[in-house]
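Taking it in order: structure first as structure tokens, then the write-up.
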Amino acid sequence: MMKSQQVAPAHLWDRLAEAKSRLAPVQSKYRVLFENPAEPDAPASVLVPDPNWMAAALAGGVLPPIDTYLRDQNVPDGQPKEHPYAEPIGPMTEEEAIEYLVKKDISPQVWREYNGNRIIMKIVPVELIPSDRSFRNAWKINQTETEMAA
Amino acid sequence: MSTLSVSNITDGTDTVETGYVVNGSAKAFCVWNASSGTPTSLQSLNVSSLTDTNTGQCVVNYSSSMANTDSIISGGVGNGGSKGWMYDNNSASSVRVETQNIASTPSYTDYDNVSVAIHGDLA
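Protein chains in written order, with our numbering: chain V, 17 to 166; chain R, 1044 to 1166.
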């Protein structure tokens, strides 16, 4: 009897390039506001999902498990990383994709290790972000309302 | 996905090893508009998100990390005028791009056509 041979997945970069050629970009309706507790005087940051990345996340079969990125944070530069050749995961909902991005692109100081009383992170619809960038370097997360203070 | 595996590419006159093509292509790029609201990506490859950290400052996060911090990072800010472009805090997984109005006293400013391209080895 023939044994089926396990074929390693293509490199993540190749999968992303292929997905970009096949999938229409998806503009997320969410943004992630966050403040870094290590920089209390800095304004709030706003994370914007990339449309090609979001299309790949919703389609599935492209992105690696989030755990691989988290483990790779402890791998020194120049050493082999786990995430490029990890088996891709299936489709995510947009909300799941945003949670994935929070873990991948925002410091654990913000989403995992913070124990203070201030709200330092919010996932909000894009309409709640000020469209006027006046006073951008004074933006802070509103602690009482769902809207962001500008 | 099918894979075409060849050692060389030729146009009938000139021949080049595919390694030059693969290794020489940009591993990540992004063009965005930061002039209103939050940054809007206009084109990208291998980018998972943009983080708007302040006026004229944006972090570009890669989906597939670079091998190290020695990547070649290039880019610019378009449409003329006295505009400055810099990068800072580059890691294997992201780079911070900064844009300034350099007409007189330099000041961080948001523009509508900011770009960055990253060349180098992938992780």
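Note that CB positions come from ideal geometry on N, CA and C, so glycine has one too.
Setting aside the 5 residues that flank it on each side, R:N1104 is surrounded in the same chain by S1091, S1092, S1137, each with a C-beta closer than 6 Å to its C-beta; the list follows chain order. Partner residues in the beta bridge of R:Y1151, as assigned by DSSP, are R:Q1143. Counted as a single uninterrupted DSSP element, the stretch harbouring R:S1048 is not any alpha helix (DSSP H), since DSSP gives it neither H nor E.
The beta carbon of V:A33 sits closer than 8 Å to some beta carbon of chain R. At a cut-off of 8 Å between beta carbons, R:D1153 contacts chain V. For R:D1095, there is no enclosing alpha helix (DSSP H); the residue is found in the beta strand (DSSP E) stretching over 1090–1097. Taking the beta carbon of R:N1089 as reference, the chain V residues within 7 Å of it are W29, L32, listed in sequence order. For R:T1112, the nearest beta carbon of chain V is closer than 8 Å to its own beta carbon. Taking the beta carbon of V:V23 as reference, no residue of chain R falls within 7 Å; the closest one sits roughly 11 Å away. Interface with chain V (8 Å Cβ-Cβ cutoff): R:L1047 is excluded.
For R:A1071, the closest C-alpha among the options V:S147, V:D66, V:A24, V:A113 is that of V:D66. With its beta carbon less than 8 Å from one in chain R, V:W69 belongs to the interface. Taking a C-beta cut-off of 7 Å against chain V, the contacting residues of the region 1071–1085 of chain R are S1079, G1080, T1081, P1082, S1084, listed in chain order. When DSSP states are grouped into helix, strand and coil, V:L28 belongs to the helix group. Take R:T1081, set aside five residues on each side of it, and the residues of its chain with a beta-carbon closer than 6 Å to its own are D1095, in chain order. For a Cβ distance threshold of 8 Å, residue set H27, L28, W29, L32, H99, P100 of chain V lies close to R:S1107, ordered along the chain.
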